[in-house]
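A short worksheet on the structure shown next.
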Amino acid sequence: MKVQLLNKISAEGLRHFDDQLYETGNQFEDYDAILVRSANLHDLAFPASLKCIARAGAGVNNIPLDRCSEQGIVVFNTPGANANAVKELTIAALLLSSRKIVKGIEWVKTLEPEGIGKTVEKGKSQFVGPEIMGKKLGVIGLGAIGVQVANAAAALGMDVYGYDPYISVSAAWTLKARIHHITQLKTIFEECDYITLHLPLLDSTKNMLNDEAFAQMKDGVRIVNFSRDALVDETAMINWLEKGKVAAYVTDFASAALLKQENVIITPHLGASTPESEDNCARMAVEEIREYLETGNIRNSVNLPALNLEKTAKNRICIINRNVPKMVAKISSLLGQYGINIETMANKARGEYAYTIVETNDDVDDQTLQEIRNSEGIINVRIIQQTM
Numbered sequence: 055m056k057v058q059l060l061n062k063i064s065a066e067g068l069r070h071f072d073d074q075l076y077e078t079g080n081q082f083e084d085y086d087a088i089l090v091r092s093a094n095l096h097d098l099a100f101p102a103s104l105k106c107i108a109r110a111g112a113g114v115n116n117i118p119l120d121r122c123s124e125q126g127i128v129v130f131n132t133p134g135a136n137a138n139a140v141k142e143l144t145i146a147a148l149l150l151s152s153r154k155i156v157k158g159i160e161w162v163k164t165l166e167p168e169g170i171g172k173t174v175e176k177g178k179s180q181f182v183g184p185e186i187m188g189k190k191l192g193v194i195g196l197g198a199i200g201v202q203v204a205n206a207a208a209a210l211g212m213d214v215y216g217y218d219p220y221i222s223v224s225a226a227w228t229l230k231a232r233i234h235h236i237t238q239l240k241t242i243f244e245e246c247d248y249i250t251l252h253l254p255l256l257d258s259t260k261n262m263l264n265d266e267a268f269a270q271m272k273d274g275v276r277i278v279n280f281s282r283d284a285l286v287d288e289t290a291m292i293n294w295l296e297k298g299k300v301a302a303y304v305t306d307f308a309s310a311a312l313l314k315q316e317n318v319i320i321t322p323h324l325g326a327s328t329p330e331s332e333d334n335c336a337r338m339a340v341e342e343i344r345e346y347l348e349t350g351n352i353r354n355s356v357n358l359p360a361l362n363l364e365k366t367a368k369n370r371i372c373i374i375n376r377n378v379p380k381m382v383a384k385i386s387s388l389l390g391q392y393g394i395n396i397e398t399m400a401n402k403a404r405g406e407y408a409y410t411i412v413e414t415n416d417d418v419d420d421q422t423l424q425e426i427r428n429s430e431g432i433i434n435v436r437i438i439q440q441t442m
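Residue numbers (the working numbering): 55 to 442.
Structure follows, in structure tokens:
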């Protein structure tokens with residue numbers, strides 16, 4: 055099976071491909087999978103052979119999800135694989151936003167060597183900034199990264215408020231008890247000295263920090279954004295920075311408008327730029343591709359349902375179909391017409407699409423697969439012969 059690499063991928067991750075089963079590179083015309091980091095796939099024509107795409111990272115804005123779903127291509131991401139890297143940088147950003155560290159470093163570089171000690175002592179007062187201990191931090195988004203940020207900030211003595219209406223059970227269990235779980239964003243805006251964003255970019259979250267939100271915030275609020283640039287209305291941010299309402303903004307997303315803005319610190323998209331994070335993301339992405347291509351099981355997909363079925367038979371039929379009534383009955387009936395006995399069957403839906411796995415010990419010929427493939431509502435069908 056061929057895996058097209060559209061970015062430089064960690065060798066630690068790629069070594070988890072079995073050399074006997076997989077070939078990796080960027081030269082293929084037809085391929086079974088794509089492994090990608092930041093490359094834009096929206097204008098890329100996908101070959102009919104493509105079965106899945108794995109993004110070595112959490113965000114999938116560079117992947118055309120609707121087109122993938124329509125073509126029966128499963129899209130994976132790697133949630134949590136880079137969480138520690140982003141957490142550490144976020145904690146650093148909280149300190150950078152308070153202590154005027156960057157300005158201080160830049161000032162020292164301008165000084166003459168002679169008498170530098172005395173010059174520093176005279177000038178250091180211009181870089182005074184508050185400690186973060188005892189201050190209120192609002193964490194918006196309590197996924198894998200947000201929970202780690204909340205816990206780390208609490209360990210540093212901050213009073214942490216967390217907001218996420220869709221917090222998972224696992225995330226809730228790992229959230230330290232002393233962290234306040236807030237049900238309204240308004241509370242964070244009004245109460246918190248620091249706000250950090252850790253949520254995906256959706257239609258509902260785009261420009262969530264806008265004029266209305268800034269107007270509710272405390273004077274001198276400090277904001278950190280290592281999630282997505284468009285979560286913050288840039289024009290509104292500049293306006294409130296110039297008014298002094300926002301004391302500092304630290305972001306991982308460079309823009310021309312922010313570049314020369316006072317009290318803005320921009321890092322060059324460093325959130326997940328650690329060797330450990332790149333290894334973790336690549337390893338998880340490879341495992342997702344292998345599991346889907348070799349067993350048909352799906353985990354961490356962003357466009358199709360998660361489904362895991364234990365091996366019970368020698369053949370496994372994997373079907374991506376529209377989520378409409380009577381599809382399972384139709385599939386069962388078609389298999390019955392061709393004398394295919396179903397040993398085990400599982401079906402799960404997600405939005406407009408569903409995924410079905412059928413296990414059988416009977417041989418399944420091309421004609422049977424073609425009949426299923428041609429049936430209304432069926433998007434994609436493949437068979438996997440399993441080693442028992």
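Note that beta-carbon positions come from the ideal geometry of N, C-alpha and C, so glycine has one too.
- If only uninterrupted alpha helix (DSSP H) runs of at least 4 residues are considered, those enclosed by the region 294 to 347 are 310 to 313.
- Going by beta carbons, residue 249 and residue 192 fall inside the 8 Å limit.
- Secondary structure note for residue 122: its alpha helix (DSSP H) is the uninterrupted segment 119 to 124.
- Under the three-state reduction of DSSP output, residue 223 falls in the helix class.
- Residues of the same chain with a CB within less than 6 Å of the CB of residue 353, apart from the 5 flanking positions on each side, are 360 in chain order.
- Burial check for residue 362: the Cβ neighbour count within 10 Å stays below 16, so the residue is exposed.
- Across the set 56, 307 and 62, the C-alpha of 62 shows the shortest separation from the C-alpha of residue 329.
- Residue 111 sits away from residue 78, with the two beta carbons spaced by 8 Å or more.
- For residue 186, the closest C-alpha among the options 196, 209, 341 and 223 is that of 209.
- Separation of residue 301 and residue 272 (C-alpha to C-alpha, rounded to the nearest whole angstrom) is 10 Å.
- Just so you know, the alpha carbons of residue 56 and residue 109 end up roughly 16 Å apart.
- In chain order, 105, 106, 107, 122, 346, 352, 355, 357, 358 and 374 place their CB closer than 8 Å to the CB of residue 128, counting only its own chain and leaving out the 5 sequence neighbours on each side.
- DSSP places residue 237 in no alpha helix (DSSP H); its state is neither H nor E.
- Annotation: the continuous alpha helix (DSSP H) that includes residue 147 extends over 137 to 153.
- Exposed is the label assigned to residue 103, since fewer than 16 other Cβ atoms lie within 10 Å of its Cβ.
- In this model, residue 158 and residue 75 are separated by some 55 Å (Cα to Cα).
- In the displayed model, residue 277 falls within a strand according to three-state DSSP.
- Taking 8 Å as the cut-off, the Cβ atoms of residue 221 and residue 256 do not count as close.
- Only residues of its own chain outside the window of five on either side were considered, and among them 108, 342, 354 and 355 have a CB closer than 6 Å to the CB of residue 130, listed in chain order.
- Separation of residue 113 and residue 246 (C-alpha to C-alpha, rounded to the nearest whole angstrom) is 27 Å.
- Annotated three-state conformation of residue 360 is coil, per DSSP.
- In the assembly as shown, residue 179 is an exposed residue. Its beta-carbon has fewer than 16 other beta-carbons within 10 Å.
- Here residue 263 is near residue 286, since their CB atoms are less than 8 Å apart.
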